[in-house]
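Reminder that position 307 of the sequence shown reads as 306 in numbering that gives the first Met the number 0, one-by-one numbering, no gaps. Glycine residues also receive a C-beta, built at the ideal position from the N, C-alpha and C atoms. Just so it is clear, the structure is predicted and the values come from calculations on it, not from any experiment.
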Amino acid sequence: MKNSLSPHQFHIPVMGIAYTIDTPAKVAHYGINSSISIIEDHLIEKMRAYYYKLNHQEYTPITKDTVNFRAKRITDYLNLIGAEVKKKVEEVKTAAFTSTSEITKYFDLLPEVSELKQKYLHFLNLEESSSAKETLEAQLRNEVKAGAIEVNIMTKVDREQLDENKEPIENGSDALQALKGYAESNLENSTLVFSAGMNPRLFNYLSSFDSFQPDNNGNFKKAIAIKVSDYRSALIQGKYLAKRGIWVSEFRIESGLNCGGHAFATDGFLLGPIMEEFKQKKEELSAELASLYRNSLAEEIEITELPEIKITVQGGIGTFDEDNLLKGYYEADATGWGSPFLLCPEATQVDEQTLGKLQKAKEKDIVLSHSSPLGVRFNYLKGASGEEFRRKNLLRNRPGSSCPEKLLQSNTEFTTEPICTASHKYQKLKMQQIQHSDLPEEAKAKEIDLLIQKECLCTGLCNSVAKNYDFQFVKKMDFVTVCPGPNLAYFNDKYSLKELIDHIYGRKNVLSGYRPHMFIKELQLYINHLRELLDSTDFSNKREAKKFDKFSQNLEDGIAYYNQLYFEGLISNKQFSTDLLSCESQIQEITKQVKAA
Numbered sequence: 000m001k002n003s004l005s006p007h008q009f010h011i012p013v014m015g016i017a018y019t020i021d022t023p024a025k026v027a028h029y030g031i032n033s034s035i036s037i038i039e040d041h042l043i044e045k046m047r048a049y050y051y052k053l054n055h056q057e058y059t060p061i062t063k064d065t066v067n068f069r070a071k072r073i074t075d076y077l078n079l080i081g082a083e084v085k086k087k088v089e090e091v092k093t094a095a096f097t098s099t100s101e102i103t104k105y106f107d108l109l110p111e112v113s114e115l116k117q118k119y120l121h122f123l124n125l126e127e128s129s130s131a132k133e134t135l136e137a138q139l140r141n142e143v144k145a146g147a148i149e150v151n152i153m154t155k156v157d158r159e160q161l162d163e164n165k166e167p168i169e170n171g172s173d174a175l176q177a178l179k180g181y182a183e184s185n186l187e188n189s190t191l192v193f194s195a196g197m198n199p200r201l202f203n204y205l206s207s208f209d210s211f212q213p214d215n216n217g218n219f220k221k222a223i224a225i226k227v228s229d230y231r232s233a234l235i236q237g238k239y240l241a242k243r244g245i246w247v248s249e250f251r252i253e254s255g256l257n258c259g260g261h262a263f264a265t266d267g268f269l270l271g272p273i274m275e276e277f278k279q280k281k282e283e284l285s286a287e288l289a290s291l292y293r294n295s296l297a298e299e300i301e302i303t304e305l306p307e308i309k310i311t312v313q314g315g316i317g318t319f320d321e322d323n324l325l326k327g328y329y330e331a332d333a334t335g336w337g338s339p340f341l342l343c344p345e346a347t348q349v350d351e352q353t354l355g356k357l358q359k360a361k362e363k364d365i366v367l368s369h370s371s372p373l374g375v376r377f378n379y380l381k382g383a384s385g386e387e388f389r390r391k392n393l394l395r396n397r398p399g400s401s402c403p404e405k406l407l408q409s410n411t412e413f414t415t416e417p418i419c420t421a422s423h424k425y426q427k428l429k430m431q432q433i434q435h436s437d438l439p440e441e442a443k444a445k446e447i448d449l450l451i452q453k454e455c456l457c458t459g460l461c462n463s464v465a466k467n468y469d470f471q472f473v474k475k476m477d478f479v480t481v482c483p484g485p486n487l488a489y490f491n492d493k494y495s496l497k498e499l500i501d502h503i504y505g506r507k508n509v510l511s512g513y514r515p516h517m518f519i520k521e522l523q524l525y526i527n528h529l530r531e532l533l534d535s536t537d538f539s540n541k542r543e544a545k546k547f548d549k550f551s552q553n554l555e556d557g558i559a560y561y562n563q564l565y566f567e568g569l570i571s572n573k574q575f576s577t578d579l580l581s582c583e584s585q586i587q588e589i590t591k592q593v594k595a596a
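In structure tokens:
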């Protein structure tokens with residue numbers, strides 16, 4: 000499948016809104032796949048202006064009075080990034096093979112198991128000026144390929160856009176316009192990644208574009224990937240799309256809690272058992288989706304070769320051994336390494352002040368917060384300037400934000416038109432409601448605390464790149480919010496691209512001190528979640544009690560599964576068994592509290 004051209008075995012997932020906004024322009028010419036968020040068209044327009052100036056080209060704004068301005072901004076920006084990547088790939092191909100050149104860096108970064116890397120190492124050992132070396136050099140230059148420019152659409156961010164009569168514009172919502180913008184770009188060998196669950200109208204809109212259809216050999220110019228938390232989610236979404244003539248080329252499994260940004264906890268199902276199910280049922284999944292897909296396209300297109308399905312995984316990976324386990328035992332086609340790359344200026348957009356805070360961050364500084372206006376839990380770095388901005392507004396007795404971007408407007412509790420729960424307007428109305436309610440004072444304080452945690456993510460997640468590229472995103476709002484996964488707490492330096500990739504491939508170890516195995520860390524996070532459930536569950540309600548029991552049982556089943564992996568020698572981490580025993584004791588202590596109540 001053409002979308003698998005990368006010579007690397009990992010990708011850089013989307014991070015926030017702006018942290019990977021131009022990551023492909025930074026790393027794709029080294030063959031690395033990476034993902035851009037395209038939902039924030041105001042930021043996209045700012046980035047258009049930056050790249051036109053960078054390339055000494057005339058910049059013509061795409062203004063809001065232009066029809067489909069959101070889609071057109073996105074299309075043009077993706078074309079700009081695509082052109083930037085092509086230019087850099089040509090520079091790599093024509094560079095001299097010197098110790099510091101870009102083409103040498105391209106091959107040095109490759110994993111040792113790569114056939115291309117072995118061909119390069121053979122080239123280095125050939126006698127200078129020999130005909131064999133000249134021939135091999137030409138082959139190597141020809142095999143330099145760009146990594147894929149992936150784009151991400153968070154399906155839940157889909158605000159309606161209204162016409163002058165206050166009626167919804169057909170296919171004009173934010174997510175649909177983002178899809179249109181991507182579909183009409185000239186990117187090839189690219190992947191569209193959907194995250195945050197199903198959005199039926201967004202999924203249905205895919206069939207409007209020919210760019211998501213394969214050629215007769217099953218190759219796509221633009222492929223579809225779906226980020227999922229478990230096998231059931233993959234099957235449901237895959238079937239929904241297959242029935243509509245859309246093939247999912249990749250299921251991107253992400254840990255429910257051991258991830259950056261928005262966290263979608265499972266019902267206690269852990270990553271190891273989830274990966275095991277995908278491994279056991281991959282052929283079954285492919286066959287079921289293929290049958291539905293063939294039937295849906297029977298009268299339109301004949302496909303001689305079925306597209307493949309890739310299974311990739313991300314969320315909390317931190318060592319070569321963990322990466323090896325996922326690609327070896329679980330047969331993952333690739334892995335995603337996200338949060339550590341926030342510490343790599345060569346790859347991502349983090350301003351210097353925030354970078355310093357990330358380097359110093361410990362476990363206690365990265366929290367599963369209630370900061371997101373979407374009502375979804377959000378992994379978040381305490382102490383960033385976004386938190387300071389929010390607290391200053393509280394001290395001024397003006398909680399919330401002016402809501403300049405309005406991307407996350409979804410609440411109609413007090414208004415006819417949706418507003419954002421992090422906005423001044425909502426916070427004022429909600430606080431009044433809480434204060435005038437019949438709740439006990441302690442309950443009121445808890446409700447208000449949850450309310451005032453909401454933060455203006457649309458602005459905070461964009462300002463790092465604005466600081467780095469010296470443009471103003473929103474007037475008088477230059478604070479930064481950053482959303483690393485818990486795994487970042489164990490990476491405490493600023494890294495070069497080579498240092499991090501050498502770490503991923505086991506050529507270097509950038510970690511120092513104790514770091515729990517990724518499976519243990521996720522389990523610990525789920526135990527914390529279980530404690531929260533203990534406090535919030537009404538055990539007199541049979542349904543709630545049953546849900547709690549099922550959650551804790553799934554964790555215990557996961558521990559039994561991990562014990563088996565350890566005793567079979569598939570996990571060599573010496574601390575693993577001790578940590579697992581500690582986790583088991585904590586769960587038993589929690590369940591004892593339930594029985595004693």
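By the beta-carbon neighbour count (other beta carbons within 10 angstroms, threshold 16), R376 is buried. As for any beta strand (DSSP E) of minimum length 3 sitting wholly inside the stretch 160–216, the runs are 189–194, ordered along the chain. Proximity of the stretch 361–368 to the stretch 377–392 meets the contact definition, three or more beta-carbon pairs being nearer than 8 Å. In the structure shown, the three-state DSSP call for N410 is strand.
H261 has F377 as its beta-bridge partners, per DSSP. Cβ contact annotation for Y239 (same chain, cutoff 8 Å, sequence separation greater than five): M197, P199 and F202, in chain order.
Secondary structure note for S285: its alpha helix (DSSP H) is the uninterrupted segment L270 to L296.
Nearest to V481 by alpha-carbon distance, out of S184, S384 and A559, is S384. S436 places its beta carbon less than 8 Å from that of K443. For the pair L161 and N170, the Cα-to-Cα distance works out to about 11 Å.
Closest option to P213, judged by alpha-carbon separation, among I235, I245 and S184: I245. Residue pairing by DSSP places G335 opposite H10 and Q313 in a beta bridge. Pairing V509 with D492 gives a Cβ-Cβ distance under 8 Å. DSSP, read as helix, strand or coil, puts A222 in strand. Within a 10 Å sphere around the beta-carbon of F268 sit 16 or more other beta-carbons, which makes this residue buried. Judged by DSSP in its simplified three-state form, F388 adopts helix. Setting aside the 5 residues that flank it on each side, Q574 has no residue in the same chain whose C-beta is closer than 6 Å to its C-beta. Look at the stretch 391–449 and you find these whole runs of alpha helix (DSSP H), each 4 residues long or longer: 423–434. For the pair E249 and T154, the CB atoms are not nearer than the 8 Å cut-off. In the three-state reduction of the DSSP assignment, F250 falls in the strand class, which pools E and B.
According to DSSP, I80 shares a beta bridge with no other residue. Beyond the five residues adjoining it in sequence on each side, Q426 comes within less than 8 Å, by CB distance, of P398, G399, T420, L450, I451 and K453 in the same chain, given in chain order. Taking C-beta separations shorter than 6 Å and ignoring five residues to either side along the sequence, the partners of A264 in its chain run G255, L256 and H528, following chain order.
Using a Cβ distance threshold of 8 Å, I35 and I148 count as a contacting pair. In this structure the stretch 305–317 lies against the stretch 271–286, because at least three pairs of beta carbons, one per stretch, are closer than 8 Å. Nearest Cα to I37 within the set P344, H121 and C461: C461. In the three-state DSSP reduction, M476 falls in the coil class, being neither helix nor strand.
From the listed residues L357, N410 and A137, the smallest Cα separation to Y494 is found for L357. In this structure, DSSP gives S34 an extended state, which the three-state scheme calls strand.
Each residue's CA atom was taken as its position, placing K474 and R47 some 19 Å apart.
E330 is the residue among E330, T65 and C455 whose C-alpha sits nearest the C-alpha of I273.
N141 sits in a helix when the DSSP states are folded into three classes.
Out of E521, K278, S576 and V156, the CA that lies nearest to the CA of L554 is found in E521. Cβ-Cβ separation between Y29 and G146: approximately 7 Å, consistent with a contact (criterion under 8 Å).
When beta bridges are read from the DSSP output, N151 appears opposite S36 and V192.
Y181 and I73 do touch by the CB rule: their CB atoms are close to 6 Å apart, below 8 Å.
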